[in-house]
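K.L.:
Please read through the structure below; I'll follow up with questions.
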Amino acid sequence: MKTQIFTTDRQDIAKAANIIKEGGIVAFPTETVYGLGANAMDADAVAKIYEAKGRPSDNPMIVHISRASDIGQLTRMLSPDIVAIIENFWPGPLTIIVKKRPEVPDKTTGGLDTVAVRMPDSKAALDLITFAGCPIAAPSANLSGSPSPTRAKDVVADMDGRIDGIIEGEDCRVGIESTVLDLTGDVPTILRPGIITAESIEAAIGKEVKYDESLTEDAKHIQLDPAAGVSESDFQPKSPGMKYKHYAPKAQMIVVEGERNKVKAEIERLKVLNERIGNKVGVILFEEKAFLEAAHNFFANLRDLDGEGVDLILAGALSDTDGVGFAVMNRMLKSAGYNIVRV
Ligand code: AMP
Ligand code: MG
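Count along the sequence shown starting at 1, add 976, and that's the number in this note's numbering.
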């Protein structure tokens, strides 16, 4: 398949929107990561996304809209919480899970009776959705399992020849995927952490927001203290989804967790040991507390190190249990397949 390359000029976006109208698939920039979009209401078009990504078909997609009022095409009911969240956070990196209308195809929601919806904060994305005249279903525009693409060149590397078009825009400002918030239960629940935190959502809706259990299980991988006698077997992932590799670089990867100076020393020690036996080693060590910067750079760093052909990536864990750093750690642990060294 020949993949057409577009700029973010209005005329180019109109051409890309035509592809989507005709049932094709196009990658486009958003403020979080690049998405791979199709008409969300067209099951055949959405099926092409799963094929291009090699994504398991029970993994639902986020539906992107360009005007908050368009959520009416996807769901019948707006609760006060939903309204407050839309008013406070859209456009922006927060996805909400709501009950779906029957018109939303099962293909888009992985067979669930709920749908994930977001209004992105990116002019190119909003123009594309408006010109296409339909909600756009879009997962991240990477091959399933690899790091999410935050730069146009990352999309080209994974998708050239597999999809109809790529809109080449700016590097993504946020760099990790949106916060996913489930609003279908009694307590609003974060299913995927992002740069919009539980604390900021609580402030907007005036009630408790919790993290899904699987995320706190994830976090325990980092927080448990080996000195307290916890064995390695206690660190095994508990929920089935956590077994799969996500965001995985081609290189092997180890996360080093602990007090900052010890982490630096351990990374240096492991680097020397590995280089001595002929391995090429890359290091990811963010500035302390620079969590937004870490989010912006993390996936790009993984892809750059893979591009350099490193065998092993050593990454320093971020110390944050519920903020932006927590969201980056969620990605880092998955990238490393929960391969953690504590110091
Ligand atoms: P991606 O499209 O790669 O950004 O991933 C979308 C995320 O949203 C995945 O983690 C999905 O499991 C999640 N998601 C999408 N729709 C739903 C839904 N209806 N219920 C729960 N999670 C969802
Ligand atoms: Mg993804």
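We treat Cβ as the ideally placed atom computed from N, Cα and C, and that holds for glycine.
Tell me whether Asn1015 sits in a helix, a strand or coil according to DSSP, three-state version.
P.N.:
DSSP places Asn1015 in strand when its eight states are reduced to three.
K.L.:
With DSSP as the reference, identify every bridge partner of Leu1278, one or two as the case may be.
P.N.:
Answer is none; Leu1278 lacks a bridge partner.
K.L.:
Residue ranges of each beta strand (DSSP E) run of no fewer than 3 residues wholly in the segment 1262 to 1317, ordered along the chain?
P.N.:
Listed in chain order, the complete beta strand (DSSP E) runs (minimum 3 residues) inside the segment 1262 to 1317 are 1288 to 1292.
K.L.:
Looking only at its chain, what residues have a beta carbon closer than 8 Å to the beta carbon of Ala1019, apart from the 5 residues adjacent to it on each side?
P.N.:
Closer than 8 Å at the Cβ level, and outside the excluded window around Ala1019, lie Pro1081, Asp1082, Lys1083 and Thr1084.
K.L.:
Would you please state the rounded distance, in angstroms, between the beta carbons of Ile1331 and Tyr1187? I believe it to be under 8 Å.
P.N.:
The question about residue 1331 has no answer here: the residues shown for the chain are numbered 977 through 1319.
K.L.:
Please enumerate, following chain order, all residues with a beta carbon closer than 6 Å to at least one heavy atom belonging to the ligand AMP.
P.N.:
Those residues, listed in chain order, are Asn1035, Pro1036, Met1037, Ile1038, Ile1073, Thr1085, Leu1088, Thr1090, Val1091, Ala1092, Pro1115, Ser1116, Glu1153, Val1156, Leu1167 and Arg1168.
K.L.:
At what residue ranges does the segment 1115 to 1175 contain a whole run of the beta strand (DSSP E), taking only runs of 3 or more?
P.N.:
Correct list: 1141 to 1143, 1155 to 1158 and 1165 to 1168.
K.L.:
Would you kindly report the start and end of the unbroken beta strand (DSSP E) that includes Lys1099?
P.N.:
Segment Lys1099 to Ala1108 is the alpha helix (DSSP H) holding Lys1099; no beta strand (DSSP E) there.
K.L.:
Which class does Arg1052 belong to by DSSP, given the choice of helix, strand or coil?
P.N.:
Arg1052: coil per DSSP, three-state reduction.
K.L.:
Are the Cβ atoms of Ile1139 and Val1002 separated by less than 9 Å?
P.N.:
Yes, these two residues count as a Cβ contact at 9 Å.
K.L.:
With C-beta atoms as the reference, is Glu1144 less than 9 Å away from Ala1128?
P.N.:
For Glu1144 and Ala1128, yes; Cβs fall inside 9 Å.
K.L.:
Can you give me the start and stop residues for the beta strand (DSSP E) that Ala1241 sits inside?
P.N.:
First-last for Ala1241: Arg1236 to Arg1252, but that is the alpha helix (DSSP H), not the beta strand (DSSP E).
K.L.:
Could you have a look at Ala1224 and say whether DSSP puts it in helix, strand or coil?
P.N.:
Reduced to three states, the DSSP call for Ala1224 is coil.
K.L.:
Between the segment 1059 to 1069 and the segment 1032 to 1039, can you find at least three pairs of beta-carbon atoms closer than 8 Å?
P.N.:
Contact between the segment 1032 to 1039 and the segment 1059 to 1069 is absent, because fewer than three Cβ pairs lie under 8 Å.
K.L.:
Go through the segment 982 to 1043 residue by residue and report every complete run of the beta strand (DSSP E) that reaches 3 residues or more, in order.
P.N.:
DSSP runs (the beta strand (DSSP E)) wholly in the segment 982 to 1043: 1002 to 1004, 1011 to 1015 and 1038 to 1040.
K.L.:
Hey, is the segment 1111 to 1126 in contact with the segment 1006 to 1019, meaning 3+ C-beta pairs nearer than 8 Å?
P.N.:
The segment 1111 to 1126, when compared against the segment 1006 to 1019, does touch it at the 8 Å Cβ threshold.
K.L.:
Using the three-state DSSP reduction, which class does Val1080 fall into: helix, strand or coil?
P.N.:
In this structure, Val1080 counts as coil in the three-state DSSP scheme.
K.L.:
In this structure, how does DSSP classify Glu1063 when only helix, strand and coil are distinguished?
P.N.:
Helix, per DSSP.
K.L.:
For Glu1263, collect the residues of the same chain with a Cβ closer than 7 Å to its Cβ; drop the 5 residues on either side in sequence, then sort them by chain order.
P.N.:
So the qualifying residues of the chain are Glu1269.
K.L.:
Using beta-carbon positions only, say whether Ser1190 and Val1009 come within less than 9 Å of one another.
P.N.:
Against a cut-off of 9 Å, the Cβ pair of Val1009 and Ser1190 comes out as no contact.
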